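Heads up: the sequence shown begins at 189 in this note's numbering, then just goes up one per residue.
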Amino acid sequence: YAAPAPTSYCSSLPNSSGSAGTIQASGSQSLFANTLTLDATNLPALSLGYFIFSESQGFSTGLGGGQGNLCLSGGIFRLSNFIQSSGFTGQINFPVPFNGLPSAASLNAGETWNFQYWFRDAVGGTATSNTTDGVSVTFLP
189 YAAPAPTSYC SSLPNSSGSA GTIQASGSQS LFANTLTLDA TNLPALSLGY
239 FIFSESQGFS TGLGGGQGNL CLSGGIFRLS NFIQSSGFTG QINFPVPFNG
289 LPSAASLNAG ETWNFQYWFR DAVGGTATSN TTDGVSVTFL P
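Pasting the structure below:
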């Protein structure tokens, strides 16, 4: 069984870096290999945030009253125990912590899950938030 390659979907809006944040998945889609990494780029420098994920794709504007689009729907899980900083480069490379997922989130072989990064931002000096686009990943054993 071969899983389709991770696929980007949805759209993100420009953030204070001047670009729209993007997310990609790299490494193996195998749960056994445990090497899947989420890569978020085009983020504001020194911005904090975390990854969110769901089995369902969706689209709504103004996530949490911020600037970003929510590309997920249904039961949405947060990896808020793993807050990340984009550092001076405006990017994050995050190995998915399969053993540290929320207890109700069960990723199994053959399932497709969708990921997005939600981060702090500022527009005209006013604190807000924004998001990347989404990436869809089908898992292998």
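A virtual CB, placed ideally from N, CA and C, is assigned to each residue, including glycine.
Keep in mind that this is a model prediction, so the values were computed, not measured.
Practice item. List the whole-angstrom C-beta distance separating N222 from T319, where the pair is believed to meet the contact cut-off of C-beta under 8 Å. Key: Within the sequence shown, the letter at position 34 stands for residue 222. Within the sequence shown, the letter at position 131 stands for residue 319. Not really, about 26 Å apart at Cβ, beyond 8 Å.
Check your understanding: What's the call for R266, buried or exposed, on a 16-neighbour Cβ count within 10 Å?
Key -> To locate residue 266, count along the sequence shown from 1; it is residue 78. R266 is exposed by the Cβ-count criterion.
Review point. By DSSP, does N287 sit in helix, in strand, or in coil?
Key: Counted from its first residue, the sequence shown places residue 287 at position 99. In this structure, N287 counts as helix in the three-state DSSP scheme.
Review point. Roughly how many whole angstroms lie between the Cα atoms of S199 and N296?
Key: Here residue 199 corresponds to residue number 11 of the sequence shown, with the count starting at 1. Here residue 296 corresponds to residue number 108 of the sequence shown, with the count starting at 1. So the alpha carbons of these two residues sit roughly 27 Å apart.
Point to revise | Cutoff 7 Å; reference S214; Cβ partners in own chain excluding five residues on either side | key: Along the sequence shown, read from residue 1 onward, the residue named residue 214 stands at position 26. Cβ neighbours of S214 beyond the five flanking positions: T225 and D227.
Check your understanding: Terminal residues of the continuous beta strand (DSSP E) containing C259?
Key -> The residue you call residue 259 lines up with position 71 of the sequence shown. Per DSSP, C259 belongs to the beta strand (DSSP E) from N257 to S261.
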